[in-house]
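Below you'll find the structure, written out as structure tokens, and then a few comments.
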Amino acid sequence: MRCAAFPFETGIHFRRKTDFFPEEDTTKAYSGFEPEPTRLQTEDNLVALHFKYDQARRRFVEWAQNEIAVVPDFHKRILFSDEAHFWLNGYANKQNCRIWSEANPQVYVETPLHPEKLTVWCALWAGGIIGPYFFKNDEGHNVTVNGDRYRAMITNFFIPELNNHDVQELWFQQDCATCHTARATIYLLKDTFGDRLISRFGPVNWPLRSCDLTPLDYFLWGYVKSLVYADKPQTLDHLEDNIRRVIADIRPQMLEKVIENWTSRLDYIRASGGSPMPEIIFKMTSSWRREHEATPLRVKGDIEDVSSEPDNGD
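In structure tokens, the structure reads:
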């Protein structure tokens, strides 16, 4: 079964081609046939799905801008949070690493089967950074995050850290990861923040696919990863020390500029009807690092040639 719009062989078509083979040859033919099932989606469904995402983003942006209109420093009161993996070998997570190119560069990266890594959590706001927090088990071994570990971090690390701040003035944001949005997690966070929780299934909905609105995604993780591998750490302890040092060295002035950039992103996304921001380049020169100045992220139409500058991977 083959047509111009669907130029792929189906299992039925393959079987009929082998009907004239002897039984043993048919077995051999099937042994080499390893199809991967792919669900077909119509263009209308994809358009509707993107429209749904864009509408949710537009509603959130309108809500945030209305809050800023009432309380001008509202955006400075939001604790944005996120986790990231740091691989010892500097491996980039293929889920959130993208190469912008007119053609597929067909780049392959050789990595160990089970590379060692750290899973790190931080909360960032105009007033500073809470963290880093490294997820470890009772034996001190590095582990990834799940619902129980995330709630343990909230209870044993994050909430005690908030004692140094006026919690009544702060909002808390988290993305849509399952461990974040479990019912037990939402109840735990509402005990501290009440209605000042921005999350999927929270009082204020955080829209899906909105990493371009998360300062940790569009700034912190890329900035930290651009520095922590400079001395080629050979152990996870060494990498952890580097992460702590780089984050501790981030100055308040840098965070203030990063949060101000967030309001510019609200303007862009509202003007685009909720569409994601286009290709983004974070210009990070050696002088920028030295002076700790946050350069606003550029969007298409205002992109400089930074091909000779260090790349920013997350």
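Residue numbers 0 to 313, in numbering that gives the first Met the number 0, belong to the letters of the sequence shown in order.
Each residue gets a CB set at the ideal place from its N, CA and C atoms; glycine is no exception.
All of these numbers come straight from a predicted model, not from anything done at the bench.
{"Asked": "Three-pair Cβ contact test at 8 Å for the region 219-229 versus the region 194-201", "Found": "no"}
{"Asked": "Length of the line joining the Cα atoms of D266 and W86", "Found": "35 Å"}
{"Asked": "Given 8 Å, three or more beta-carbon pairs between the region 185-192 and the region 144-164", "Found": "yes"}
{"Asked": "Cβ neighbour criterion (16 or more within 10 Å) applied to N163", "Found": "exposed"}
{"Asked": "Beta-carbon gap between D277 and F59 smaller than 9 Å", "Found": "Looking at the sequence itself, residue 277 is Pro, so the reference to Asp does not match. No. Outside cutoff."}
{"Asked": "DSSP state of G221 mapped onto helix, strand, coil", "Found": "helix"}
{"Asked": "Span separating the alpha-carbon of R57 from that of G273", "Found": "4 Å"}
{"Asked": "7 Å CB neighbourhood of V223 in its chain, flanking five on each side removed", "Found": "I242, V245, I246"}
{"Asked": "Exposed unless 16 or more other CB atoms sit within 10 angstroms - verdict on E82", "Found": "buried"}
{"Asked": "Beta-carbon proximity list for L169, same chain, < 8 Å, skipping 5 on both sides", "Found": "R76, I77, L78, W124, L161, F192, R195"}
{"Asked": "Rounded C-alpha distance that separates I197 from W62", "Found": "11 Å"}
{"Asked": "Contact belief for V142 with N136 at Cβ below 8 Å, rounded distance in angstroms", "Found": "5 Å"}
{"Asked": "Cβ pair Q64, R269 closer than 9 Å", "Found": "yes"}
{"Asked": "Cα-Cα separation, V69 to T262", "Found": "14 Å"}
{"Asked": "Simplified DSSP assignment, three categories, for A247", "Found": "helix"}
{"Asked": "C-alpha gap between V166 and N103, whole angstroms", "Found": "47 Å"}
{"Asked": "Range covered by the beta strand (DSSP E) that runs through D81", "Found": "77-86"}
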